[in-house]
Structure formats: structure tokens, C-alpha cells
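Quick notes on the structure that follows.
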Amino acid sequence: MKELNVVDRKETTQRRPDWLRVKLPSGEKFKEVSDTIQKHSLNTVCSEARCPNMGECWGNGTATFMILGDVCTRSCSFCAVKTGRPIQGLDWDEPRRVTDAASKMNLKHVVLTSVNRDERKDGGAPIFAECHRMLREEIEGVTIESLIPDFRGVWEALQIVIDTPPDVLSHNLETVPRLYREVRPQAKYERSLELLQRCKDQGLRTKTGIMVGLGEKPDEVAKLMQDCVDHDVDVLTIGQYMQPTKMHHPVEEWVHPDQFAEYKKIGEELGLEHVESGPLVRSSYHAERHV
1 MKELNVVDRK ETTQRRPDWL RVKLPSGEKF KEVSDTIQKH SLNTVCSEAR
51 CPNMGECWGN GTATFMILGD VCTRSCSFCA VKTGRPIQGL DWDEPRRVTD
101 AASKMNLKHV VLTSVNRDER KDGGAPIFAE CHRMLREEIE GVTIESLIPD
151 FRGVWEALQI VIDTPPDVLS HNLETVPRLY REVRPQAKYE RSLELLQRCK
201 DQGLRTKTGI MVGLGEKPDE VAKLMQDCVD HDVDVLTIGQ YMQPTKMHHP
251 VEEWVHPDQF AEYKKIGEEL GLEHVESGPL VRSSYHAERH V
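In terms of UniProt numbering, the sequence shown opens at residue 1 and continues consecutively.
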């Protein structure tokens, strides 16, 4: 593996650097998207995960729908989504509401994500499949990206999604394997890589994403990118981790934009088709470009 041209690291401070400053959400289109989501009793990862790009995306009429409710069975230290035990059962009206909202928003590319539903053997996979089916039935020419959980390695659940596939199958590695125990304790790095490979082996376009600034080293990021190449991943997103609250994992470093540019260069030289890398990049940022 080639040696990294490591950019000097910026000393961590409580204050975000200038390159992470974003405009407050506003505008007619933002209000229209917000009203549509509320009217349909839907959740978005934009608001639940406190995404810094919400103003930009909603202002452009796009949003990422978060299905399977708003309570996650996992306790990842980076995530702002509520943790607990979800209400029993699945909301079978959710796919209809997602489809209706997407139609009213005139979306041609729909991004879905979800909480983890580890209390269920199927992990909620049937709701993903039904969303895919209904969206294609109701919106002509729609393309879909689904960011799915690992289903605890229950591959029968994964197969439910694959059998009614999205155009892009996304599953995030989130961070380098060394940090899993403190950042993503209920997940397994190798299991996530296997999921991505299983999807690629059945012909799906695959995508994953990570955050930096959690304490990883540049050579660990490069090794992760090589693992993605070895498992035939098509698209990788890399963005700055930003602590949602003081109760969450601290920011260890504000990664400089030059380092993000370096990561993009290295990843694409290693063989990744596309690396979306920048401080404000999130999994669904510019998702329509990844189809």
C-alpha cells in the first residue's frame, strides 16, 4: 500500500472551524418539505441525526426518509437517534406514506434509511422491500438508494431486500475496525464487509460511508478503503464527525479539507469508482450522483 501524504492535523477545540459553518435552514422549499414530512407522520435522518446539510437538501426539495420508526435498538456512541425498545410490530402503512410524500415532493431519486430493529428476526427488512415496490409502482422512472442495517448477520433478512432491490444498496462501515468497541459496539466490521460483498455478488451497486475525526489514523482509513476495494464496493463517502450532544463520543480532531481531498485521491487510486470526501459529506449527500 502506498505511503500516505499526511496533512498536518488541526488541534482539536470546542469551536468548529470555519469550513464547518453552514447556513440556518430557511426558504419556501424548506418549509414545503418540512410540512410534507410532518403531514405524513414520517421521520427523516436529516432531522433525527441533526445533519448539517439539512438546509441545503431540504431547500432543494430532497430528504432522506428514515423508516421502521424513530427508536433504535443499538447504542452507537456517535448517533443522535433515540435508543430503546421500539413498539412491537411493523408499521405497514409506512411505505404508503413514504411513497405519497415522495410523489408530492416530485422526487425522482428517493433515499431510504432506518433504525436498527434487532428485536425482530427479519430486522424490518419487509418494510424496505415494500417501500421499493410501492415507489416503483407509483413514481415512473424513480431511482432508489437504501441505507440498510446489518440485520445482525441474518442473511435471510438481507435477501428480502435484495429480492426487491434498490438501485444503490448502501451500508455504512462508519469507522475503522479499531474503534468499533467504543463507537459501534453492537456491530462487527467483518460482518458489514460481508454484507456489502453479498449484495455485490448478486449484482447490486454498493456504497458505504465513514466518519473521520473519531480518533482514527490516516493509515487506518487507507486500510479501510483497501478493504472496500477488496469487497467490490462502488462508492465511498467520508465526512467529518460532529458530536450531537455532550453525552456522545467527543470529536478527537477537526480534519482539514486538504486531508479529505487526499483521502479521495487515495481511494480512487486504490480502485474505488467514486469517493465523495469532504467535511460536510454525509451518506446521502449528493446521493443522486451515485446511481
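Cβ atoms here follow ideal geometry from the backbone N, Cα and C, with glycine treated the same way.
Every value quoted in this text rests on a predicted model; they were computed, and no experiment measured them.
- Relative to the Cα of LEU193, the nearest Cα in the group LEU214, LEU236, VAL212 belongs to LEU236.
- Take ARG191, set aside five residues on each side of it, and the residues of its chain with a beta-carbon closer than 6 Å to its own are ASP150, GLY153, in chain order.
- Taking the C-beta atoms as reference points, PRO126 is found no nearer than 8 Å to LEU169.
- Between ILE238 and SER283, the gap from beta carbon to beta carbon reaches 8 Å or more.
- Runs of the beta strand (DSSP E) lying entirely within the segment 79-128, each at least 3 residues long, are 109-114 in chain order.
- For MET225, the enclosing alpha helix (DSSP H) covers residues 218-230.
- Ranking ALA102, ALA261, ALA222 by CA distance to the CA of VAL176 puts ALA222 first.
- Shown here for TYR241: same chain residues with a beta carbon closer than 7 Å to its own, the five before and five after excluded, namely PHE78, MET211, VAL212, GLY213, LEU214, VAL251 in chain order.
- Excluding five sequence positions before and after ILE162, the CB atoms of its chain that fall closer than 6 Å to its own CB belong to GLN202, given in chain order.
- For ILE67, the pairing in a beta bridge is given by DSSP as SER114.
- Pairing LEU20 with PRO279, the inter-Cα distance amounts to about 7 Å.
- One thing to note: THR208 has its Cβ no nearer than 8 Å to the Cβ of VAL183.
- Counting only residues of its own chain and dropping the five nearest sequence neighbours on each side, PRO166 has a CB closer than 7 Å to the CB of HIS132, ILE144, GLU145, SER146.
- Collapsing the DSSP output to three states places HIS290 in a helix.
- A Cβ-Cβ separation of about 34 Å leaves ARG74 out of contact with ASP18 under the 8 Å criterion.
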